[in-house]
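Reviewing the structure listed below.
Residue numbers (the numbering used here): 9 to 280.
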C-alpha cells in the first residue's frame, strides 16, 4: 500500500519541514506500515521529538525526553505495542485512520498547548536524575561514600544546568568535609579550626626539609631542593592527633619539622 501524509502532517511539513525532515523522507520511513495515511504527533512548536539533539540545552532535553516518553506510554496503553497503529522513529508516527491513535495524538497536543509537561512526576524524576549526573560528572572528586544524591539533598532548590562547583563545595563543607589544601582529597575534620588541612600524603610531602638553594637557570632549575619526607618524625602526629581530628594541618607539620633534630639540621646546616 502506498501511504500518504495526512493533511495536517503535510501542512506541518510545509511549516516545519526545513528544520526537521521532508515529506518524502517521512514516506520512506513509513514504507513498512500498511497505513493509508501517516501522521506525526505535534507539540506547540512542531513535531514532538525525543530530545536527543545537540542544539538543545540540558533543560530542554529533559523536558522533551519526558514528554516524548510519556506520549509513547499513552500510545502503548491506548493503542497497543509499538509497530501496530504507531511507531517510534525519533518522532511518534501513527495511523491517521485509527481513531484510538488519533485521540491520543490530539490529547498530547492539547495538553502541551496548556502546560509544558505531560507528566509532572516523570519530568521531576528525570530532572532529579540529570542533576545527580551533573554533580557526579563535574571535575570535582566527591569524598568516598558520598554520591550526587547526598550532595543534592544539601543544595537549596537547585536548578538543572546551574549547579556550580562552588555550590557543591559549600554543600560538602556543610556535610562536615574539608578539602586537602594541596590535592583533591576530601577530609573529615572532627573540630573546626583555622589552618590549612592536609591529607596524610600531602602532610608527608610538606615535611620534606629543604636541602639547598639552587640559583635560577634558563632551564627552569631554581629554588629549594628537598630531601625525603621525615616519616619517622611525623608518624606519631599523623597516627595520633591528626588521625583523631580527621586531618593534619600545615602549620602543625612545619612546627614539628622545625622542632625535630632532622628538620633543624636540614634547615640550619648543623646539629641541633
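Glycine included, each C-beta is placed from N, C-alpha and C at the ideal position.
Secondary structure of residue i, DSSP reduced to three states
{"i": "residue 90", "result": "coil"}
{"i": "residue 83", "result": "helix"}
{"i": "residue 242", "result": "helix"}
{"i": "residue 251", "result": "helix"}
{"i": "residue 186", "result": "strand"}
{"i": "residue 27", "result": "Low local confidence applies: a pLDDT of 47 at residue 27 is under 50, so the model's placement there is unreliable, with the coordinate-based value given in what follows. Reduced to three states, the DSSP call for residue 27 is coil."}
{"i": "residue 148", "result": "coil"}
Bridge-paired residues (DSSP) for residue i
{"i": "residue 256", "result": "206"}
{"i": "residue 331", "result": "The question about residue 331 has no answer here: the residues shown for the chain are numbered 9 through 280."}
{"i": "residue 195", "result": "186"}
Nearest-angstrom beta carbon gap, residue j and residue i [assumed within contact, 8 Å]
{"i": "residue 153", "j": "residue 140", "result": "That belief does not hold up - the Cβ atoms of residue 153 and residue 140 are roughly 16 Å apart, past 8 Å."}
{"i": "residue 143", "j": "residue 112", "result": "No, residue 143 and residue 112 are not in contact; Cβ-Cβ is about 36 Å, not under 8 Å."}
{"i": "residue 66", "j": "residue 138", "result": "6 Å"}
{"i": "residue 189", "j": "residue 258", "result": "6 Å"}
{"i": "residue 59", "j": "residue 69", "result": "4 Å"}
{"i": "residue 95", "j": "residue 80", "result": "Residue 95 to residue 80, Cβ: 10 Å. No contact."}
{"i": "residue 211", "j": "residue 256", "result": "4 Å"}
N- and C-terminal bounds of the beta strand (DSSP E) containing residue i
{"i": "residue 48", "result": "45 to 48"}
{"i": "residue 308", "result": "As shown, the chain starts at 9 and ends at 280. That puts residue 308 outside it, with no answer to give."}
Beta carbon proximity, residue i to chain D, threshold 9 Å
{"i": "residue 92", "result": "Any reference to chain D falls outside this structure, which holds one protein chain only."}
Segment limits, alpha helix (DSSP H) that includes residue i
{"i": "residue 282", "result": "Because the chain is modelled from 9 through 280, residue 282 falls outside the range shown and cannot be assessed."}
{"i": "residue 117", "result": "107 to 122"}
{"i": "residue 154", "result": "Looking at the DSSP string, residue 154 is not in any alpha helix (DSSP H), and its letter there is neither H nor E."}
{"i": "residue 177", "result": "173 to 182"}
**Prompt:** Three or more beta-carbon pairs under 8 Å between the stretch 39 to 51 and the stretch 86 to 105, yes or no?
**Reply:** yes
**Message:** Would you call the stretch 68 to 85 in contact with the stretch 106 to 125, where contact means no fewer than 3 C-beta pairs closer than 8 Å?
**Reply:** Result yes; three or more Cβ-Cβ pairs closer than 8 Å.
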